[in-house]
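Here the protein sequences line up with chains A and B, keeping their order. Its first residue numbered 9, the first sequence is counted upward by one per residue in the working numbering. Its first residue numbered 4, the second sequence is counted upward by one per residue in the working numbering. C-beta: ideal position from N, C-alpha, C; glycine also. Bear in mind the structure is a predicted one, so any value in this text is a computation, not a measurement. Single-structure report; data block below.
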Amino acid sequence: MTTAQTQEEQALAALRERAVAELAAVTTGDGLEEWRTRYLGRERGELTGILKGLGKLAPDQRKAVGQAANAVKADLDRLLEERRQALRAAERAAALERERLDVTLPGRVIPRGHVHPLSQTIRDIVRVMGEMGFQLYDGPEVETDYYNFQALNIPPDHPARDMQDTFWIAPGQILLRTQTSPMQIHVMEHMRPPVRAIVIGKVYRNEAIDASHEAIFHQVEGLLIDETCTMADLRGVVERFAREMFGAERKVRFRPSYFPFTEPSAEFDIDCINCNGAGCRVCKYSGWLEMGGSGMVDPRVLRGVGYDPSVYRGFAFGLGIERIAMLRYGIDEIRAFSTNDLRFLRQFT
Amino acid sequence: MRVPYSWLKDYVDVELPVAELAHRLTMAGLEVDRVDYGWPGIVTAQILWQERIKGSDHLWATRVTTGTEELSVVCGAPNIQVRDKVPLARVGAKVGEITIGEKRAMGVLSQGMLCSPRELGLSDDHAGILILPPDTPLGVPLGAVIGEPVIDLDIKAHRGDLFCMVGVAREVAAFTGKTLRPPTIAVKEKGTAAAKLMKLEVRDAELCPRYTARVIRNVTVGPSPQWMADRLIAAGMRPINNVVDITNYVMLELGQPLHAFDYDKVADHTIVVRRAAPGETLTTLDGVTRHLTAEMLLITDPAGPNVIAGIFGGARVEVSETTTSVLLEAAHFKPTNIRRTSVTLGLRTESSGRFEKGPDVELTALAVDRAAQLLAELADGGVAPGRVDFYPHPVTQRALTFEPGQVPWLTGMTVTRNEVIDSLSALGFGVGDAVPGGADETLRVTVPTWRGDVEESADLVEEVARIAGYERIPSTIPTGPLPQPSRDPWFRREDRIREVLAGAGLTETVSYTLTSRAAMASLLPGVGGRDELLLAAPAPGMRADDAGETGDTASVAVSGRAAERRAIAALAERLPAIALVNPLSSELGVLRLTLMSGLLDIVRENAKHSDAGLWFFELGRRYLPTAELATGTGLADERHTLAIAMSGPLVQSWAAPDRDADFSGLKGVVETLLGALKVAGYRFTPTRHPTFHPGRAALLEVAIAHGGELTSEGGGGEIVESAWAPVAVLGEVHPDVAERFDLTKRTYLMEMDLERLYLAVPETVRQMPIARYPAAQRDLAVVVPQDVPAAEVEAAIHASGAPLVRGVRLFDVYTGAGIPEGRKSLAYAITYQSPERTLTDAEVERTQAAIVATLRERFGAEPRG
């Protein structure tokens, strides 16, 4: 390289300077294309012209100028690509900015309905009991006196009939079941032991309706018959049930009671879920909440369905589903379940 | 039953605090409803501070504490000082006739009242507040400190023996290990023997197995001594006079109801126990004339009836102030007969309640003796020697063989043989070795006559277990074999329906299954004849064209509200609903035949406080009458049913326009459900149903393979290969119906018979291979007359394009510019596909041309655009 630049080299440097300055001023894709055509265009680009004119130079100059021109071309190609990227990024950024949303606006929610709290409670009961092998059975609400009473060891004119005021369809014959217990008889007639059954459904009592009493409500009934079970198993199953429904720490208390179709009979209570047994308004300061009735299936009932009570033993228990739901969800008005007020129902998932 | 604690202590030495005793009673199976301390709402409190109220000459402002709470009380008494313990009547308590409320006196807040002895009914002292001993605990019921606690027991129906103090005392003795101390009964007799003074004739030994009487002469009728009156009051009975009070006292003490007659008024001094004659009447002491039947037992004399046996007496031979001689009756009546008579007459008395539970037949002699003893002691009576006793068949004690191992066998609880013997003995059972010398464990147990409820081993197990305490029952998990799997998946299906519908935005309701006929009849405007059969989802065999031409006659709507109500009532009468003979109210008088009226009620009630969408569903039963039910040989047809009601916009969002519920919205929900349940073959056809808008109602039918329960129409009942079964009606509620239910928005309603739907639900799903060859899609828009059902066009595309047409999707329905009046454009996207090869364009075009030709021929369709 000589110390003095040739005329061609000076022209190349000037061209480069001019091209770089113009490129910096380009702001659009079209401008970019125009610029490329002007300097690098295959036909009339200024740099292309210089490269094409190399042949006219002296051979000693040709090499130096050729190298310089190619360097300028590579430079401009690179700058063009950089500029193109920058412009594209700016355009994309502007476009995205134009699409900016108010992300605090409410979303387009897919509307969901609500499953009734009783159904949710029933679903849990079916699951909990199902885990212990109890299968669900369904039966009639319009029942005969035989199934609702007599087969359960409650003959006509028995004082135990006072325990349940009955809606009659044909007095003394057809009624609305007052309990789910008649299904014990249906299930035992339908199959041979072993039996593990639960029944869930509506029951009817001819009683005045108030904040804690409904004429129509739901019960769950459990029945287990085999050759080995005892009241200890009844206790275990009821405890498991209570702890699944009301919390793992629940205490369960059994106390003697009377049901015509169980012997021995027991009522079961749980320690108050509100005060944990300390005593409060919910448990009437007793520390305990009455949950349901239970017992070993009475031998008279077993004989009635053709099960030999010296071979088979069984237990049964029953409780109100509204009561479970009221305690779980803190509902103090039983009529809330049948009022079907959306403001109540939508509080449940 | 109310048991005053002090009375109980006459028969058993029990020293437990009453709350502890109440707990022990409950845990032994004698459920304590509550302990009544008297003075409800009055608690012990202590004066913290007091100050004269400015401007008053006698009122004090006091601050008192109950130990847990401080209250301001204004008081006018001069005798209280700081630190005194006093009775505080809290807000809500009743003192005499006054209910205490929160109030202000001279501007000072008063949250209760401090009580004087007179206000508490303790004495006439009204000079100042009752000051309690300094060691009185704070915040406890006053009755627990100075009163007489009364234990209120909920005695179960099988334990007639517990309706008395001695019976309860026997239980207390058994679980506390104390000795029962029954009353000492000793009668001093004098004068003529009772057998000479009266005659007894029992004509019905079945209804009256025992009748025991005594005669007591020269009694002085007057008030009872205070202690007896107090006990009767505490036990919940009203003192009358010493003679009547003694009979009640002995009943409460021993459990045997007694009746006292004025001996001199009993005609011929002759008691005749007999059934009532047909048409016979008796005016009872309450002034009501009772009409009797031959099923009812009477205590009579030759002059006529005196008492409805065991239940209630008449006035003629009652004891009065002029009575000088008393004929005492203690009898035993057949419990079921007493109960039936008492239910029939609507008469429940202390006496009937005991008799129907079957008291100890051996008690009668004891009871007349006890009453005679008290009449001698308290009414100066002279007891005629001897009892007159009709008792032809004395009871024998039941003897049971009892294996002590039965206790663990049934309860899982371990007990020793001695524990078994001790607990049964304490309850009055006779216990000995079954085999003399006790060669094996087996016991011979004799059941006391008052324990008629104990009939076999299991009953004895309960006795042993409850005296031992149920807390000794261990807790285990059953280890026996599991039963056969049960196949009825109804719950799983119902729960799936819940999930799908809640996911689709509907909320589940649970409403009363009892309703009124009128409520259901409101669904049926202007109908007659057999249309009530259409109420609710299709009855078996129903077809769309069965629905009749009545839905739009609406003859009722024009004749005004009163006429409409009459029409509804007339129609209601004919609804075949199952009726209760003893309903709570006429609103809840019959079982529902449909869920639809209940859902419309729910929509209306919710509309009162919501302008959002009201989209509801209910899963429940309809109760259809059957011939078997009517003849008493069978039950109702209880049909699992789904109903849906939709009204208003489900979505209310800035991001989408509100869209009110409409027919296609409802149908879409139903189709979503059918898809979720994998029901493959179904169809919707236009139908007429009086509940629905005549142009906006559809019948849903599903295809049931293998005939199911269905038979071909008119085909003599033969089973067909597959059949269309109607399962649901759906549509827009008829405006006349909407008016009756006060619905303000258009409401869409569906009712579906799930039991029939389930016939079309497959048990399992089997996957189909994904097609290997590509599909081709072509759009086709055709212009058809307005009244051509889209479903028919679609079916024709499928049929004429078979087998290459794989899918048909309607993507546009258009009327308006460019379409002639009375016609509509239906635009379909048709998918062509072969399982065997890639289709050529020519094949697809040929098929599409064939479809167009068919549509033109069948519907006069013209391809568009």
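- DSSP places A/Gln192 in the helix class (H, G or I) of the three-state scheme.
- Secondary-structure assignment with DSSP links A/Leu183 through a beta bridge to A/Glu151 and A/Trp176.
- Between the stretch 231-238 of chain A and the stretch 418-434 of chain B, the count of C-beta pairs closer than 8 angstroms stays below three; the two stretches do not touch.
- By the criterion of at least three beta-carbon pairs nearer than 8 angstroms, the stretch 361-381 of chain B is in contact with the stretch 215-231 of chain B.
- With a threshold of 16 other beta carbon atoms within 10 Å, B/Phe358 meets it and is buried.
- Here A/Gly301 is bridged, per DSSP, to A/Glu275 and A/Gly326.
- Taking C-beta atoms as the reference points, A/Met137 and A/Ile206 count as a pair closer than 8 angstroms.
- If you draw a straight line from the Cα of B/Ile50 to the Cα of B/Thr68, it comes to about 7 angstroms.
- Per DSSP, the continuous alpha helix (DSSP H) segment holding A/Val134 begins and ends at Pro125 to Glu139.
- For the pair B/Met299 and B/Lys337, the Cα-to-Cα distance works out to about 11 angstroms.
- The continuous stretches of beta strand (DSSP E) do not include B/Lys670, which lies in the alpha helix (DSSP H) extending over residues Phe666 to Ala679.
- In this model, A/Asn161 and A/Pro268 are separated by some 6 angstroms (Cα to Cα).
- If only uninterrupted beta strand (DSSP E) runs of at least 3 residues are considered, those enclosed by the stretch 223-273 of chain A are 224-234 and 260-264.
- In the displayed model, A/His221 falls within a strand according to three-state DSSP.
- A direct Cα-to-Cα measurement between B/Asp16 and B/Pro186 gives close to 13 angstroms.
- Annotation: B/Asp207 to B/Val276 spans about 7 angstroms, alpha carbon to alpha carbon.
- Going by DSSP, B/Ile45 is part of the beta strand (DSSP E) stretching over Ile45 to Arg55.
- The residue from B/Pro586, B/Leu594 and B/Arg520 with its alpha-carbon nearest to that of B/Ala572 is B/Arg520.
- Judged by DSSP secondary structure, B/Tyr835 falls outside any alpha helix (DSSP H) and instead within the beta strand (DSSP E) spanning Arg826 to Tyr835.
- Counting only Cβ-Cβ distances below 8 angstroms, A/Ala240 has contacts in chain B at Thr414, Gly415, Met416, Ile476, Pro477, Ser478 and Thr479, in chain order.
- Proximity to B/Gly150 across B/Asp164, B/Phe494 and B/Thr47 peaks at B/Thr47, based on C-alpha coordinates.
- Using a CB distance below 9 angstroms, the part of the stretch 605-628 of chain B facing chain A consists of Ile605, Glu608, Asn609, His612, Ser613, Ala615, Gly616, Leu617, Trp618, Phe619, Phe620, Glu621, Leu622, Gly623, Arg624 and Tyr626, ordered along the chain.
- By the 16-neighbour rule on beta-carbons within 10 angstroms, B/Val768 is exposed.
- Contact annotation: in the stretch 732-762 of chain B, no residue has its CB less than 8 angstroms from a CB in chain A.
- In the displayed model, A/Lys292 falls within coil according to three-state DSSP, outside both helix and strand.
- With a contact defined as Cβ atoms closer than 8 angstroms, B/Ile249 and B/Leu377 qualify at about 5 angstroms.
- DSSP lists B/Leu829 and B/Pro866 as the bridge partner or partners of B/Val785.
- CA-CA distance, B/Val21 to B/Val35, rounds to 11 angstroms.
- For the pair B/Cys118 and B/Leu141, the CB atoms are not nearer than the 8 angstroms cut-off.
- In the structure shown, B/Leu603 adopts helical secondary structure according to DSSP, grouped into three states.
- Scanning chain A for C-beta atoms nearer than 8 angstroms to the C-beta of B/Asp462 yields Glu271, reported in chain order.
- In the three-state reduction of the DSSP assignment, B/Arg121 falls in the coil class, being assigned neither a helical nor a strand state.
- Taking a cut-off of 8 angstroms for Cβ pairs, the stretch 404-413 of chain B and the stretch 377-396 of chain B do not touch, as fewer than three such pairs fall below it.
- Under the three-state reduction of DSSP, A/Tyr315 is assigned to coil, being neither helix nor strand.
- B/Leu527 and B/Gly810 have their C-alpha atoms roughly 40 angstroms apart.
- At a beta-carbon threshold of 9 angstroms, none of the residues of chain A lie near B/Arg499; the nearest stands roughly 11 angstroms away.
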